[in-house]
Structures are given as structure tokens and as C-alpha cells.
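Numbering-wise, the sequence shown is residues 418 to 1214 according to our numbering.
C-beta: ideal position from N, C-alpha, C; glycine also.
Small disclaimer: the values here were computed from a predicted structure and weren't measured.
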Amino acid sequence: MAELDSLDPDTPVVVGVGQASERLTDPDYEALGEAALAARAVGAAISDAGASTAAIANAVDTVAAIRSFEISSPLSASPLGRPDNMPRAVAARTGLDPRKAIQSITGGQAPQTMLVELAGTIAAGRSSGAVIFGAEVISTVRDLMTKPADQRPDFGEQIGGPLEDRGFGLRGITSLPEARHGLRTPMPQYALLENARRHRLGLDRDAYARSMGELFAPMTRVAAANPHAAAPTERSADELVTVTDSNRLVADPFTRLLVARDQVNQAAACVVMSVRAARAAGIDPSRWVFLHGHAALQEQTLMARPDLSTAPVAGAALDHALAVAEIGLDDVAHLDIYSCFPIAVSNICEATGLRPDDPRGLTVTGGLPFFGGPGNNYSMHAIAEIVTRVRQSPGDYGVVVANGGILSKHAVGVYSTTPTGWRHDDSAGIQKRLDARPAVRRRDDADGDAIIETFTVVPHKDGRRTGIVIGRLVDATGAVGERFVANTDADDTELIDILAAGDPIGMPMVARSTPEGNRVYASRDTLRRLHPPTPPAFRDHYEHIEIRRDGHVLEVTINRPEARNALHPAANEELDSVFDAYFADPDLWVAILTGKGDKAFSAGNDLSATASGAAFAVPKNGFAGLTSRESLPKPVIAAVNGYALGGGFEIALACHLVVAGDDATFGLPEVRVGLAAAAGGLVRLPRALGPALARDMILTGRRLSATEAAAAGIVSRVAPSGKTLEVARDVAAEILAGSPAAVRGSLTTMEKTATIADPIEAIRASTAVLDDLIASKDTLEGITAFVMKRTPNWSGT
């Protein structure tokens, strides 16, 4: 008791934990909503503390909710509604009236990090007590959604009150290239890591499957004895990994029984207080559990990691938490390692030397595939179980290892009834050192020779299979370079068969970028067979654009006036093809791009396509085949009639000259719909206008008139309303009066010298253009025509 008496009164202690659950098959199943089930867990935690609700409520000034799957991403939905303020909705049901309500970020690390954060706030004297809870009722909601609409409950509530919503916190968990290639969910992402690990260990498929089964089989015994488990059935290693109709392959190498089970109805909560508040509430010190050590670290993004088979930050977090607790792993009696997929556990085992058959066991709940994976809140259940165990064996240490993202966010807590004051960790310092590690460069558009770095095959219900590959480009010397993600071609059975058998990692392949994303092939012969190379050429018919040849001038008109000439994937593809043909045609020297009608040049990206996900299908060369094109070697004139907004303005900025009708309007409104002008606007506009005006337009959506745009230097000529194309044709004629070779050389030289800061150095570099022109026919013709006082007859060579 002397140790307790000497404690700082602000020392945080966990005084209560509680869990609640129900299964569809339970005889007393009630189909509780998220708030109701969470309230049961909070009520159980309050009862577990052994004090009256009034005494607990008097101390609790903060209630924090772990984010449920219904609100875990921008694509999430609550089909049956939900309270507008979940922390306060649960508080009201349990007799609490907190000063502060918090909604956590997304991630399985959230219960552990939130507990450490609020415990630290208590230790600093800024809080006397907090309740943390989380709940998932995915199983109930899915079942209710199968019923007629008039038989479905409404879980919506208008609670109101202040709420500190931390947002999704998903930065770095995935990227646009990953998402467009099918890496939108953890399952295929973890499968990539798992196959990389199998290759590193040199195991064949059967041996590796057995290792996963042997790792998880002991967890099923724990789940079978847990009254809150969603799947309380003991299974053998063979049962877990053998593919059957009921245990299908979900993403190579995972069967259904090896992955986290999210169709659950589970909730858990804990109450943490200061020693002062716990004493005032009359809570028996035998209920107090102290946080002896903790750490929270973050791994590099998946595509940046030097080794995809491991996540060393997880081991570093565990090591640091144990160091803060001043104990070793051998001193720990109870363990729970986050087990959403086998590699989450084996990664920790490899870092620490733990064996799958460690007599202590690797879980106290039964693990996410068997106990259940209640969204981001799983580790709250682990904390509840660990607290219970260390109370039952005073002096024991228990450890919770939590994980969020794709082996991305790692949080560890060390618990014991042994009294200790609040201990600070140095996670920030360790993170700073970890962030200095080398990272692999990413290539979004991959073309050329490559090798397979890792892979997975995802089967579909209709029998199709999609191969997802992470590869590395290989240069002419054989050096491995940038990393990319790709899919197999739907028409290529050769590579998908290779991926589905054996170990293809390290195998050479060929990558090809397309508007739909990167595609990979086993050989160049396969690529040529499926996609024979065709020289750029104009088509006989276009559906979304019109073209007109007039001598050496090509006129291209975006023909979608009903959509204000906004671009969708098909229109983008046609424009990309047309400009390929224009730049390849030696008889075309100037191009004019305009929009049909007088309302808009282009309103940018078609938002209806964005909503359906098709906006990912943008050509490698960018909007209209221009905004990301590495070089525009011939003049392109934008004839802007009406609106040039968003991507439409970015297209105009990519052109060499802009002729605008006096009724034209220019703007980048992306921020107003939650997007950004990433097709050139964020780069070209500041360079064209200077940073002040560019920031004004980008950050506020401010629009410029044609006159303002001309004064700012982004419009070369202003035409009377209705005369824009006519003036653009006049400009094209003026360009044609000069040497095409000299025009092309001037454009190329301006591009090459644009990044040279020293003017003298840039001028010296620019003289190289004369080396080519002095040997051209056009130069000889130009000089001859000048001497003879006649109009030059340009050949373009």
C-alpha cells in the first residue's frame, strides 16, 4: 500500500473494462444498433469499476468513440442511419455528461493510442477521467438490409453538442495508383506482403500455407472459449488453409478463414481515471491497472518500403514500449498481437523471436478471424481481456500490440497492477530516425522491362481472376529502379496462370501503361500479340470530337456541348489519339483546339464520371492528351470560347498560345468540390501568373475574365465574342508564315532552357538550336527568299 500512497494523484489508472456482443443465432438476439451495443459495453465497464454510475460520471469529463466502419472512409455509408454525435449518444444512455466528446481517426491502432493520449492528459492534470468505447454491428445491419424497407429500424439520432471529430486519418494508407489497380481494401494489400514474405523465406505454397495455419490454429482454441467470439469454433491448421466451397480462396494466399472477420456485433469500452478521482469514487485499488509502457510508430507507405516482406517499425514499437516499462518480453505473461492477417502476427514473431506455439499464446481474445474483427475497435477488446488477466494475477505484465492500415500504424501498451507513475515514451524521437530511412521511388506510369517484386491473384464470383503485381522497372544495364503497381491484362491467360502457381517473384516481365492503368505481360511477344503496335493515325470517325484539316492546320473541336465540353474517359482517349497523330504527321504544322458551341471551351473533368470511379482512366498524356505530355513539339493554340474551368483551364495552360473570346472565363474550382488541380494547374499557373495571383485562384476558386487573363499573361489575344476561332485561325496563319523547322526548334529550346536559372547559361544553351537549323532546308529557303524578296516556300524540314 505504501507504493499506492506515494503515487502522484494525477497518475492515470484503468479502473473498468467491459465488453458486449450478440450473434444472429443467439436465442436472446436483439438486433441492437451501434449506440445501444456500445452503451452496454460502457455500462459493463462502469460496473466493472465497482463504483456507482454517479461517482464515475462525476469524474469522467471526456468520452471518446473509436471510429466504426460506417464512418471510416469517404466511401463509407450508414444505411440505417446513426447518431450525429456518437460519443454523446452513448454517454446519454449510460448516465455520463462529458465536457468533451471525441471521434477518433480510422485504424486498428486507435484504441491503444486513444487510451495513451487520454491517460497522458490525465497525468498532465487536464482531465480527471475518460471513457473510451467502440462498437460494430455490421452483422446486424447486413441482416436488416435484407428485410423489406418498412421492417428496418432507423438508428439515426440528433444528439447535437460539441464534437471533436479527428477525421479519417487515412493519409499514406493508400494512393491513387494503388486504388486504380484494385488495392482499395486491406485484403489484396496484405496478400502482396504475405507473398513477398513467402519468397524471402524460400517456402513453396504448401509449406507456407501450413505455416499460416499453424500460426492461427491455436487462436481458434482461445476463441472457442470466449463468450464474445463471433466464431467460437476450434479448428486445425489444415482446416484453416484447405480450400473448400465454404473456405474459398479470397486473395492468394489467403483463404476466408485466415482473414479478419468483420461481420460481427461487438463492443468494448474502458474507463481510465486519475488516482485522485479513483479514490474519490471509492474504487478499490485492486481494480487499478497501470500503463507501464507505451509506444506509437508509423511505417513507410507500402510503395516506399525497401522490403515488402516485413515492417520493422512494428518490432521497434514493441521494443520501445517494453523499454519504457523497463522489462523484457520474457517478463510478459499475457500477449495479444493484432491478427487481421497472418503476416501481422508473423512480422512481430520474426522481430522478437516469438514462436507460433509460445506457451503464453499470441492472443487473449481469439484473434480477428475467429474472435472477430470489430473494425477499428478490436484492440479495445484485447485491452479489456489483458486488464482482466493482470487483475487475476497481480504483478503480471500484459502487452497489447495494435496495428492499423497495411502494417502501417503500430501502437503498443504494457499493463500491470504493479503501481507506477506515468511514464513518458520517446516515440516522436524514434519516429524521426525511422523517417530518415531510404525509400523506394514510385512510378505511376510504367513502360518497359521489369521484374515481379510481389503479387496476388484475386478470384471473382464469375470465375475471372485479376492479377495484381508490384514490380520494379529494369534499365538497359539490368539495374532495378522505380516501383510500380499493375494488373494483368484481362485477355492474357499466360501471366495469370504463372502467378497462380509456383513462385514468380523475380521473374522478368514487360509493363505497359494505359489510360486504365498499368498492365504487365510475361513477354514482349504476348504484348505484341494482344496489342499490335500501330503507328499514330487519324480515324475515320470520332464520337466525342470533330477534326478538320485545312492545309497545314488541324482544327480539333471537343463535341460535348451538352456537358459544357467536359471530358470523360472516352473523350480523353480520342483527344490523346488525335494529338498523337498530329505530332506524327509531317504535313500538319499548327493545331487549334476549341469547344463546340459558345458556352464552354471545356468545363474540365466530367464529375459524373468521377463519381463512378471512371475518372481514374485518364491517358498517360493527361487531360485531352496534352496536360502531362512530355513534349509538345508543334504549336497548339487553345481557342477559348466561354468557360475554361478546372481541367479545361489546365488544358489551355498546356497549350502554347491562348486566344480567348471576350466572354471567356478562366478558373480552377477544384477545391470547392474537394479536389485539387493536379493535372498541371498547381504547377503551370504559379509559373504563368506568379505565386500571389495563382494562390488566390487555386485556393478560392477565383475566376478571371479574358481581359484579366490577358493582363496577367496567360491569354495571348482577346477576340470579339463569336470570333474566337476566326482569330485563332489568323494566329495559325501568322505562325505558318514562319519556318516550321524554326518554330519547332524554338519551342523545343524554350522547353529545355525553362529550368536554367542563370540567364547567361540559358542563352548559351539556347544557341544549340542553330546547330540544327543551319543544316535545314527551311533555313536555306528563308535566307534565299529574303534576298530575292519573295515569300518563302517552307518544306518543314
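Judging by CA-CA distance, which residue of the options is the nearest neighbour of residue i?
{"i": "G784", "options": "A799, P773, R772 and D774", "result": "A799"}
{"i": "I549", "options": "A448, S493, A698 and N793", "result": "N793"}
{"i": "T650", "options": "A468, G838, F788 and A1077", "result": "F788"}
{"i": "A907", "options": "Y938, E899, M926 and G919", "result": "Y938"}
{"i": "T1124", "options": "E1087, D861, A1081 and V430", "result": "A1081"}
{"i": "A482", "options": "A518, T530 and T563", "result": "A518"}
{"i": "V1100", "options": "I1115, P1086 and G1091", "result": "I1115"}
{"i": "R457", "options": "R440, Q683, S592 and A642", "result": "Q683"}
{"i": "I760", "options": "L1187, S825, R499 and A686", "result": "S825"}
{"i": "K1140", "options": "G1014, A455 and G1213", "result": "G1014"}
{"i": "R806", "options": "M797, R1146, D842 and H751", "result": "H751"}
{"i": "S592", "options": "T637, L719 and V558", "result": "L719"}
{"i": "E870", "options": "S628, S763, T511 and I922", "result": "I922"}
{"i": "G584", "options": "I823, A527 and R601", "result": "A527"}
{"i": "S485", "options": "V681, I463 and A647", "result": "V681"}
{"i": "A712", "options": "S844, L1043, G898 and Q575", "result": "S844"}
{"i": "S833", "options": "A801, R859, S464 and A1150", "result": "A801"}
{"i": "H645", "options": "C766, R777, L708 and T442", "result": "T442"}
{"i": "V1060", "options": "D669, A1020, L1142 and R615", "result": "A quick correction: the sequence has Tyr, not Val, at residue 1060. Comparing Cα-Cα distances from Y1060 to each of D669, A1020, L1142 and R615, the minimum goes to A1020."}
{"i": "V554", "options": "R854, L449, G525 and A648", "result": "L449"}
{"i": "V741", "options": "S703, V1090, D842 and P670", "result": "D842"}
{"i": "F872", "options": "P855, A918 and R1181", "result": "A918"}
{"i": "A1017", "options": "N976, W705, V995 and N1038", "result": "N976"}
{"i": "V804", "options": "I887, C687 and G745", "result": "C687"}
Just to check my reading of the structure: residue i and residue j have Cβ atoms closer than 8 Å, yes? What is that Cβ distance to the nearest angstrom?
{"i": "A1041", "j": "G1063", "result": "At roughly 12 Å, the Cβ-Cβ gap does not stay under 8 Å, so A1041 and G1063 are not in contact."}
{"i": "A508", "j": "D514", "result": "7 Å"}
{"i": "N982", "j": "R936", "result": "Not quite, the Cβ-Cβ distance comes to about 30 Å (not below 8 Å), so this is no contact."}
{"i": "R693", "j": "P426", "result": "4 Å"}
{"i": "F1083", "j": "A1055", "result": "Actually they are not in contact, since the Cβ atoms of F1083 and A1055 sit about 11 Å apart, beyond 8 Å."}
{"i": "A471", "j": "G699", "result": "At roughly 11 Å, the Cβ-Cβ gap does not stay under 8 Å, so A471 and G699 are not in contact."}
{"i": "Q520", "j": "D582", "result": "4 Å"}
{"i": "A1145", "j": "V1076", "result": "4 Å"}
Counting along the chain, where does the beta strand (DSSP E) carrying residue i start and finish?
{"i": "H737", "result": "No beta strand (DSSP E) holds H737; the alpha helix (DSSP H) holding it covers P729 to A742."}
{"i": "T780", "result": "No beta strand (DSSP E) holds T780; DSSP gives it neither H nor E."}
{"i": "S1122", "result": "R1120 to S1122"}
{"i": "V1007", "result": "V1007 to G1012"}
{"i": "L714", "result": "F707 to Q715"}
{"i": "K826", "result": "K826 to S833"}
{"i": "S490", "result": "Taken as a continuous stretch (DSSP letters only), S490 belongs to no beta strand (DSSP E), as it is neither H nor E."}
{"i": "A903", "result": "V897 to T905"}
{"i": "I887", "result": "R882 to V891"}
{"i": "A482", "result": "T479 to A482"}
{"i": "V818", "result": "Y814 to G821"}
Give me the DSSP bridge partner(s) of residue i.
{"i": "N682", "result": "V554"}
{"i": "D582", "result": "Q520"}
{"i": "E574", "result": "P500"}
{"i": "I726", "result": "Reading the sequence as shown, one finds Ser at residue 726 and not Ile. S726 pairs with nothing; no bridge assigned."}
{"i": "E631", "result": "E631 pairs with nothing; no bridge assigned."}
{"i": "D967", "result": "V970"}
{"i": "D753", "result": "V817"}
{"i": "T1082", "result": "Y1060 and S1122"}
{"i": "P925", "result": "I868"}
{"i": "F671", "result": "A668"}
Can you tell me where the alpha helix (DSSP H) with residue i in it begins and where it stops?
{"i": "R1112", "result": "P1108 to T1117"}
{"i": "D942", "result": "R941 to L947"}
{"i": "F872", "result": "That residue, F872, is in no alpha helix (DSSP H); its beta strand (DSSP E) goes G865 to P876."}
{"i": "I913", "result": "T910 to L916"}
{"i": "G1065", "result": "G1064 to A1071"}
{"i": "R615", "result": "P603 to L618"}
{"i": "Y795", "result": "Y795 to Q809"}
{"i": "S1163", "result": "P1157 to T1170"}
{"i": "F996", "result": "P986 to A1001"}
{"i": "N935", "result": "No alpha helix (DSSP H) holds N935; the beta strand (DSSP E) holding it covers G934 to Y938."}
Using a Cβ-Cβ cut-off of 8 Å, state whether residue i counts as contacting chain B.
{"i": "G1139", "result": "The structure shown has no chain B; it contains just one protein chain."}
Inspect the CB distances between the stretch 1127-1144 and the stretch 1091-1110 and report whether three or more fall short of 8 Å. yes
Tell me, please, whether the stretch 993-1009 touches the stretch 954-974 by the rule of three or more beta-carbon pairs shorter than 8 Å. yes
Between the stretch 657-664 and the stretch 673-685, are three or more C-beta pairs nearer than 8 Å? yes
Would you call the stretch 606-619 and the stretch 710-727 touching, i.e. three or more CB-CB distances under 8 Å? yes
Pairs of beta-carbons, one from the stretch 529-541 and one from the stretch 487-507, closer than 8 Å: are there three or more? no
Does the count of Cβ pairs from the stretch 1153-1164 and the stretch 1188-1201 closer than 8 Å reach three? yes
Between the stretch 918-932 and the stretch 861-868, do three or more beta carbon pairs fall short of 8 Å? yes
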